[in-house]
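Structure first, then comments.
Protein chains: 2
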Amino acid sequence: MTTAPSSPRPLRADARRNRRRVLDAARVAFEEGGNDVQMEDIAKRAGVGVGTIYRHFPTKQALIDELTAEWMADGAAKAADALKEPDPWDGVVLFVRRSAEIMVRNRGLREVFGDVGQLFEDDARVQNHDLQDKVTALLDRAHAAGVLRPDVGVNEFRALMCGLAMAVTNTPPGAHQLYADVILKGLKT
Amino acid sequence: MTTAPSSPRPLRADARRNRRRVLDAARVAFEEGGNDVQMEDIAKRAGVGVGTIYRHFPTKQALIDELTAEWMADGAAKAADALKEPDPWDGVVLFVRRSAEIMVRNRGLREVFGDVGQLFEDDARVQNHDLQDKVTALLDRAHAAGVLRPDVGVNEFRALMCGLAMAVTNTPPGAHQLYADVILKGLKT
DNA sequence: GACGATACGGAAGCTCGATTCCGTTTGTCA
DNA sequence: TGACAAACGGAATCGAGCTTCCGTATCGTC
Numbered sequence: 174m175t176t177a178p179s180s181p182r183p184l185r186a187d188a189r190r191n192r193r194r195v196l197d198a199a200r201v202a203f204e205e206g207g208n209d210v211q212m213e214d215i216a217k218r219a220g221v222g223v224g225t226i227y228r229h230f231p232t233k234q235a236l237i238d239e240l241t242a243e244w245m246a247d248g249a250a251k252a253a254d255a256l257k258e259p260d261p262w263d264g265v266v267l268f269v270r271r272s273a274e275i276m277v278r279n280r281g282l283r284e285v286f287g288d289v290g291q292l293f294e295d296d297a298r299v300q301n302h303d304l305q306d307k308v309t310a311l312l313d314r315a316h317a318a319g320v321l322r323p324d325v326g327v328n329e330f331r332a333l334m335c336g337l338a339m340a341v342t343n344t345p346p347g348a349h350q351l352y353a354d355v356i357l358k359g360l361k362t
Numbered sequence: 174m175t176t177a178p179s180s181p182r183p184l185r186a187d188a189r190r191n192r193r194r195v196l197d198a199a200r201v202a203f204e205e206g207g208n209d210v211q212m213e214d215i216a217k218r219a220g221v222g223v224g225t226i227y228r229h230f231p232t233k234q235a236l237i238d239e240l241t242a243e244w245m246a247d248g249a250a251k252a253a254d255a256l257k258e259p260d261p262w263d264g265v266v267l268f269v270r271r272s273a274e275i276m277v278r279n280r281g282l283r284e285v286f287g288d289v290g291q292l293f294e295d296d297a298r299v300q301n302h303d304l305q306d307k308v309t310a311l312l313d314r315a316h317a318a319g320v321l322r323p324d325v326g327v328n329e330f331r332a333l334m335c336g337l338a339m340a341v342t343n344t345p346p347g348a349h350q351l352y353a354d355v356i357l358k359g360l361k362t
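Residue numbers (this note's numbering), protein chains in the order written: chain A, 174 to 362; chain B, 174 to 362.
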């Protein structure tokens, strides 16, 4: 996933620094502008030339994938938090609410989710088993406690989260918790 | 909205025929492939040259807008049906269910909805007051009967429908009614 | 402090799709 | 049926972005 975790000699100091700058700039840019930020914008924000981006990431998509992996890891962490909640239903509520909050601020993530089909069918591109597993655990626990609609599995849940992302997209600030509430109410047994 | 409803001389017979063919081909194409169908595909399906499309519609966007207007009109008709339902809540249910069904089959419409901000803020481009008004009536009636969450107005409802569209997007066939149910349950007082 | 390997910047190239243009064809009207 | 306007087809043009390339600058090592 990350470039060369193994053998070849370590990056030169300036290269390491630039790689980080590119990633940071790209993160901000994609969170704000989604897929239609341009490579040149990112380069400008990072204070490097486009060529430098390509030295570190073979394509725009590879760069996005790297960020996506980060976002998924964050999500997995959030799910892990939610699992710490003693009450199974509270766990679900917490996770959905937080997800809504995150998605309001991250257009790139919303778009990635819109692509779900592609993203999740083919596990080659972005590793997300961790997120997948944690969410499954969260839902299983709620099912076992009989507080979550039994016909909602991970896939259905994911689709609903995509929906939430969409609803949240062009929405007056603050309203996003309303959508989270509607979905939560709909999910409860 | 439609090209020149008024003064200039009527279209020649072949032109009229071609215009219809283009529109029909475009409808099918956009329903299936959304915004990324290409003008040339449409031309091919319609059995005309690209030039002919441009004789009738100044840009690709104009063509999409024309179809969008049709889709909105359909939606308004569905909302009108729903208003005929004697029970206010049944009306909402009917409308949401049917909308879900329609959206599963129409990628173009889903994408248009994804753009909601643009589409509805600026009423210059596509006329949709009719849909807007009918849905407002539907919701008002349900509010008055006390069966619909009072904090859900047209805008919130629209956002939720967008969400539904998204959820429905990469979904196993048949599952879309599940999402409609979840949202409906969440909407009910 | 000199040399080779690495990395950099950003102009040029390439691809893909929308849109334009114009020589040719077809419909309409007398 | 002939003349003219209207419409057609589709090759050529144009623009937008991603990606490549290469001359120059920097790093790390001896």
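Here a beta-carbon is modelled for each residue, glycine too, at the ideal position from N, C-alpha and C.
Can you have a look at Glu239 (chain B) and say buried or exposed, based on whether 16 or more other CB atoms are within 10 angstroms of its CB? The count along the second sequence starts at 1 and reaches residue 239 (chain B) at position 66. Buried, because 16 or more other Cβ atoms sit within 10 Å of the Cβ of Glu239 (chain B).
Say whether chain B places a C-beta atom closer than 8 Å to the C-beta of Lys367 (chain A). No answer is possible for residue 367 (chain A): the residues shown for chain A start at 174 and end at 362.
Considering only their Cβ atoms, is the gap separating Ile226 (chain A) from Met245 (chain A) smaller than 8 Å? The residue you call residue 245 (chain A) lines up with position 72 of the first sequence. The residue you call residue 226 (chain A) lines up with position 53 of the first sequence. Cβ atoms of Met245 (chain A) and Ile226 (chain A): not closer than 8 Å.
Rounding to the nearest angstrom, what Cα-Cα distance links Ala395 (chain A) and Gly207 (chain B) in this structure? Since the first residue shown for chain A is 174 and the last is 362, residue 395 (chain A) is missing from the structure and cannot be characterised.
With a 10 Å radius around its C-beta and 16 neighbouring C-beta atoms as the bar for buried, classify Pro345 (chain A) as buried or exposed. The count along the first sequence starts at 1 and reaches residue 345 (chain A) at position 172. Exposed.
Among A:Asp247, A:Val195 and A:Glu204, nearest to Gly224 (chain A) - alpha-carbon criterion: Translated into positions along the first sequence, residue 224 (chain A) becomes position 51. From the listed residues A:Asp247, A:Val195 and A:Glu204, the smallest Cα separation to Gly224 (chain A) is found for A:Val195.
Residues of chain A with CB under 8 Å from Val355 (chain B), in chain order? Stepping through the second sequence from its first residue, residue 355 (chain B) is reached at position 182. Under the 8 Å cutoff, chain A gives Arg322, Val325, Leu333, Ile356, Gly359 and Leu360.
Where in the segment 254-301 of chain A do unbroken runs of the alpha helix (DSSP H), each at least 4 residues long, occur, reported from the N-terminal end onward? Within the segment 254-301 of chain A, the complete alpha helix (DSSP H) segments at least 4 residues long are 261-278, 280-287 and 289-294, listed from N- to C-terminus.
Of the residues A:His229, A:Met276, A:Asp247 and A:Ala202, which one's Cα is nearest the Cα of Asp187 (chain A)? Position 14 of the first sequence, counted from the start, is the residue given in the question as residue 187 (chain A). The residue with the shortest Cα to Cα distance from Asp187 (chain A) is A:His229.
Look at the Cβ atom of Val327 (chain B), then the Cβ atom of Gly359 (chain A), and state whether they are nearer than 8 Å. As a working mapping, residue 327 (chain B) is identified with position 154 in the second sequence. As a working mapping, residue 359 (chain A) is identified with position 186 in the first sequence. Their beta carbons are not under 8 Å apart, which means Val327 (chain B) does not touch Gly359 (chain A) by this criterion.
How many Å lie between Arg278 (chain A) and Phe286 (chain A) at the Cα? Here the question's residue 278 (chain A) lines up with position 105 in the first sequence. Here the question's residue 286 (chain A) lines up with position 113 in the first sequence. CA-to-CA, the gap between Arg278 (chain A) and Phe286 (chain A) works out to about 14 Å.
Pairwise C-alpha distance: Ala315 (chain A) and Val372 (chain A): This structure cannot speak to residue 372 (chain A), because chain A is shown only from 174 to 362.
With distances taken Cα to Cα, identify the nearest neighbour of Lys307 (chain B) among B:Thr342, B:Met276 and B:Lys257. Numbered from its first residue, the second sequence carries residue 307 (chain B) at position 134. Among B:Thr342, B:Met276 and B:Lys257, the Cα nearest to that of Lys307 (chain B) is on B:Lys257.
With C-beta atoms as the reference, is Cys335 (chain A) less than 8 Å away from Ala332 (chain B)? Counting from 1 along the first sequence, the entry for residue 335 (chain A) is found at position 162. Counting from 1 along the second sequence, the entry for residue 332 (chain B) is found at position 159. In this structure, Cys335 (chain A) keeps its C-beta atom at 8 Å or more from the C-beta atom of Ala332 (chain B).
In whole angstroms, give me the CA-to-CA distance for Ala235 (chain B) and Ala255 (chain A). The count along the second sequence starts at 1 and reaches residue 235 (chain B) at position 62. The count along the first sequence starts at 1 and reaches residue 255 (chain A) at position 82. Taking the straight line joining both Cα atoms gives about 47 Å.
DSSP three-state assignment for Leu321 (chain A), whether helix, strand or coil: In the first sequence, residue 321 (chain A) corresponds to position 148, counting from 1. Leu321 (chain A): strand per DSSP, three-state reduction.
By a C-beta neighbour count over all protein chains shown, 10 Å radius and 16 as the cutoff for buried, is Arg185 (chain B) buried or exposed? Here the question's residue 185 (chain B) lines up with position 12 in the second sequence. Arg185 (chain B) comes out exposed.
Mind checking who Lys361 (chain A) pairs with in its DSSP beta bridge? Stepping through the first sequence from its first residue, residue 361 (chain A) is reached at position 188. Lys361 (chain A) is bridged to A:Leu321.
Flag Glu329 (chain A) as yes if its beta-carbon sits less than 8 Å from any beta-carbon of chain B, otherwise no. If you number the first sequence from 1, residue 329 (chain A) lands on position 156. Judged by the 8 Å Cβ criterion, Glu329 (chain A) is in contact with chain B.
Between Gly220 (chain A) and the rest of its own chain, which residues show a CB-CB distance below 7 Å, the 5 nearest in sequence each way excluded? Reading the first sequence from its first residue, position 47 is the one you call residue 220 (chain A). Exclusion of the five residues before and after Gly220 (chain A) leaves Arg194 as the residues of its chain whose Cβ lies within less than 7 Å of its Cβ.
Check whether the Cβ atoms of Arg218 (chain B) and Ala202 (chain B) sit closer than 8 Å, and answer yes or no. On the second sequence, position 45 is the one that residue 218 (chain B) refers to. On the second sequence, position 29 is the one that residue 202 (chain B) refers to. Judged by beta-carbon spacing, Ala202 (chain B) lies within the 8 Å limit of Arg218 (chain B), meaning their Cβ atoms are closer than that value.
When DSSP labels each residue in this structure, what does Thr232 (chain A) get in the three-state scheme? As a first step, residue 232 (chain A) is located in the first sequence; it is residue number 59 there, counting from the start. DSSP places Thr232 (chain A) in coil when its eight states are reduced to three.
According to DSSP, is Leu311 (chain A) helix, strand or coil? Position 138 of the first sequence, counted from the start, is the residue given in the question as residue 311 (chain A). Three-state DSSP puts Leu311 (chain A) in a helix.
For a contact defined as C-beta to C-beta under 8 Å, what are the partners of Met245 (chain B) on chain A? Here the question's residue 245 (chain B) lines up with position 72 in the second sequence. In chain order: nothing, as chain A lies at least about 17 Å away.
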